[in-house]
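S.K.:
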Amino acid sequence: MARQSISFTQPNDEWLKTQVNNQEYSSKSELVNDLIRQARNQQVQIDWIKAKLEKAENSGFTNDSKEQILAQSKSALNE
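Residue numbering for the sequence shown follows UniProt numbering, beginning at 1 and increasing consecutively.
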């Protein structure tokens, strides 16, 4: 595992210490690694949503009703 030296602002350091003192995590390193994992997972979800939005924007406009769009979406989920 790579070792790094990082600095935290006072409020962030206090928050990290509180999480460790509350036994949520065994160390600040464990907590920081968990936060990074969460951020990475969140970025994957954001990228997926962006891709879906771009695809939708590029597909153009429709004259379908809300009901027709909903039915098409449900149908696509069942495929």
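From the three backbone atoms N, C-alpha and C, an ideal C-beta is built for every residue, glycine too.
Remember, it's a predicted structure, so these values are computed and weren't measured experimentally.
For the alpha helix (DSSP H) that residue 141 lies in, which residues bound it at each end?
M.R.: Given a span of 1 to 79 for the chain in the structure shown, any question on residue 141 remains unanswerable.
S.K.: Do V20 and L35 count as a contact pair if the criterion is CB distance below 8 Å?
M.R.: no
S.K.: Reducing DSSP to helix, strand and coil, say where D47 ends up.
M.R.: helix
S.K.: Quick check on DSSP: helix, strand or coil for N63?
M.R.: coil
S.K.: Candidates S29, T18 and N22: which alpha carbon is nearest Q4's?
M.R.: S29
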